[in-house]
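Scroll down for the structure; my scribbles are underneath it.
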DNA sequence: CTATTATTCAAGAAAATAATTGAATAATAG
DNA sequence: CTATTATTCAATTATTTTCTTGAATAATAG
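Residue numbers (this note's numbering), protein chains in the order written: chain B, 339 to 559; chain C, 339 to 559.
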């Protein structure tokens with residue numbers, strides 16, 4: 339074969355390794371979760387509803403295309419996104435959201451009939467947060483809250499929410515957020531709160547989106 | 339199935355349409371070419387060394403994942419990258435180049451033993467261009483030159499280069515560029531020039547890279 | 001050393017994808 | 001209307017990918 343052709347074939351073959359890695363819905367979900375913070379195989383399997391073996395295999399694929407890194411920690415193997423990967427994923431999500439109309443439809447259909455799901459105005463939210471006019475809940479697992487959360491947010495993991503209701507105000511609007519538009523924790527939280535007579539709305543943006551918009555996060559307790 | 343799980347599955351299924359589109363080396367090459375400017379199926383087939391039917395099928399895949407747009411012009415169908423797609427591709431190439439060591443190896447092996455292939459210092463190039471110390475050749479097809487080229491470059495398409503040699507200086511360094519690091523036009527040009535006793539080097543960056551670095555381009559003749 | 005737990009490996013079945021081929025369409029020129 | 005040309009379609013084959021299952025490995029606790 340022509341060496342020029344051969345060169346191009348070899349080069350694009352390599353580029354396609356990245357494409358193949360992100361051509362599976364499951365692997366995209368795994369990467370998305372990893373961009374929220376490192377995880378063990380077990381946790382990833384649980385969050386994605388895959389079998390452990392299948393999760394492990396997908397992670398091998400991601401590792402072979404250099405999109406994730408792994409580290410053995412005792413009995414566990416912890417996976418992490420490789421540098422640049424979350425930015426790349428963001429760019430991909432951007433294209434998808436702008437070009438693929440079905441995404442908006444699916445979102446709309448899922449949120450249909452649920453109260454408090456309208457997109458919020460960020461400016462309004464920020465100013466109301468400052469005047470303490472609203473209560474902002476971070477409903478992700480406590481560990482993720484510790485790793486970084488929106489300034490002024492309260493950590494109330496979804497599975498503890500039920501037991502924290504007594505401490506929440508009935509006369510003030512409650513805003514719940516989680517990992518982003520495709521995370522359902524805040525959706526469930528808002529549903530529960532509204533059922534119990536609170537006035538709750540969802541902030542669609544997640545911590546990473548918040549960060550990406552140049553807004554500051556806090557860490558720790 | 340749990341509606342939350344169903345929602346995620348549906349969403350990531352949609353995201354993966356983008357990934358599937360860029361999981362084939364041939365489609366990546368097609369997209370790369372399209373980011374240089376719109377093309378007919380025929381031209382794309384020729385540039386990628388694919389059959390027309392195969393090219394057409396790949397283009398259908400890209401169209402279905404909304405990464406390209408098409409327009410019928412008489413007997414021809416012209417394809418164009420959709421908005422944002424070239425930026426996404428750039429981000430993907432970035433990840434690949436940084437994470438996949440094989441790419442650098444393949445490049446090195448291909449350029450091995452060829453004269454004038456060392457990366458150039460951009461600053462030095464710019465200042466030498468201003469003092470007219472070097473001759474800058476754009477060896478892409480004339481049409482692409484017209485659509486946009488580096489300020490001060492001369493249009494000498496590779497297949498015309500042989501007949502233009504008499505007009506080129508023997509006492510001055512000649513710098514040739516084309517579409518970028520994976521385009522071989524400038525490589526061939528530099529080889530030919532050096533064989534014929536000129537002092538030629540290759541500028542690895544292509545027009546799009548140049549543009550992306552914030553440097554200005556000219557259009558027209 | 002043995003049992004337990006997290007992860008990976010290996011093999012097989014089902015599904016999806018890529019390239020090839022020849023035929024079908026659509027636009028235009030004569 | 002007929003011939004030509006660019007493109008797409010449809011069917012087939014070969015290849016890859018995904019998921020499942022059960023077994024193998026590796027680290028640790030007792």
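Even for Gly, the Cβ is constructed at its ideal location relative to N, Cα and C.
- In this structure, residue 507 of chain C sits away from residue 445 of chain C, with a CB-CB distance that is not shorter than 8 Å.
- Residues of the region 346-369 of chain C with a Cβ closer than 9 Å to any Cβ of chain B, in chain order: 346, 347, 348, 349, 350, 351, 352, 353, 354, 355, 356, 357, 358, 359, 360, 361, 362, 363, 364, 365, 366 and 367.
- The beta carbon of residue 359 of chain C sits closer than 7 Å to the beta carbons of 365, 399, 400, 403 and 405 from its chain, once the five residues preceding and following it are set aside; these are given in chain order.
- Counting C-beta atoms within 10 angstroms of its own C-beta, residue 526 of chain B has 16 or more neighbours from the protein chains shown and is therefore classed as buried.
- Judged by DSSP in its simplified three-state form, residue 380 of chain B adopts helix.
- Approximately 7 Å separates the beta-carbon atoms of residue 484 of chain C and residue 557 of chain C; this is inside 8 Å, confirming the contact.
- The region 544-558 of chain B makes no contact with the region 340-353 of chain B; the number of CB pairs closer than 8 Å stays below 3.
- Contact of residue 517 of chain C with chain B is not assigned, every C-beta pair being separated by 8 Å or more.
- About 6 Å separates the Cβ atoms of residue 474 of chain B and residue 467 of chain B, confirming a contact at the 8 Å cut-off.
- Taken atom to atom, the span from the alpha-carbon of residue 461 of chain C to that of residue 343 of chain C is near 53 Å.
- By a beta-carbon distance limit of 8 Å, residue 393 of chain C contacts residue 382 of chain C. Their separation comes to about 5 Å.
- Within the region 407-418 of chain C, no residue places its CB atom closer than 9 Å to a CB of chain B.
- Excluding its 5 nearest sequence neighbours in each direction, residue 536 of chain B has C-beta neighbours in its own chain below 7 Å: 506, 508 and 512, listed in chain order.
- Comparing C-alpha distances from residue 423 of chain B to each of B:521, B:492, B:455 and B:368 shows the shortest one belongs to B:368.
- Between the alpha carbons of residue 456 of chain C and residue 478 of chain B lies a gap of roughly 51 Å.
- Cβ-Cβ distances below 7 Å link residue 414 of chain B to 378 in the same chain, with the five nearest sequence neighbours on each side left out; the list follows chain order.
- Look at residue 489 of chain C here: in three-state DSSP terms it is coil, with no helix or strand label.
- Distance between residue 356 of chain C and residue 430 of chain B, taken at the CA atoms: about 7 Å.
- In the DSSP assignment, residue 432 of chain B falls within the unbroken alpha helix (DSSP H) covering 423-437.
- B:409 is the residue among B:391, B:409 and B:395 whose C-alpha sits nearest the C-alpha of residue 376 of chain B.
- One Cα belongs to residue 500 of chain C, the other to residue 434 of chain B, and the distance between them is close to 45 Å.
- Within chain B, the residues placing a beta-carbon under 9 Å from that of residue 425 of chain C are 429, 432 and 433, ordered along the chain.
- Within chain C, no C-beta atom comes nearer than 8 Å to that of residue 480 of chain B; the closest sits roughly 21 Å away.
- Neighbourhood of residue 436 of chain C in chain B, by CB distance below 8 Å: 421 and 422, in chain order.
- Against residue 440 of chain B, the close residues of chain C are 352, in the order they occur along the chain (beta-carbon pairs closer than 8 Å).
- Residue 420 of chain C sits buried, since 16 or more C-beta atoms from the chains shown fall within 10 Å of its C-beta.
- The bridge partners DSSP lists for residue 475 of chain B are B:492 and B:514.
- Within chain B, no residue has its beta carbon less than 8 Å from that of residue 545 of chain C; the closest one is some 18 Å off.
- Residue range 390-402 is occupied by the alpha helix (DSSP H) that includes residue 391 of chain C.
- Under the Cβ criterion of 8 Å, residue 460 of chain C is not counted among the residues facing chain B.
- The distance from the Cβ of residue 541 of chain B to that of residue 524 of chain B is about 7 Å, consistent with a contact at the 8 Å cut-off.
- Cβ neighbours of residue 418 of chain C within its own chain (closer than 6 Å, five residues either side excluded): 376 and 407.
- At a cut-off of 8 Å between beta-carbon atoms, residue 379 of chain C makes no contact with chain B.
- Shown in chain order are the members of the region 382-396 of chain B whose Cβ falls below 7 Å from a Cβ of chain C: 387.
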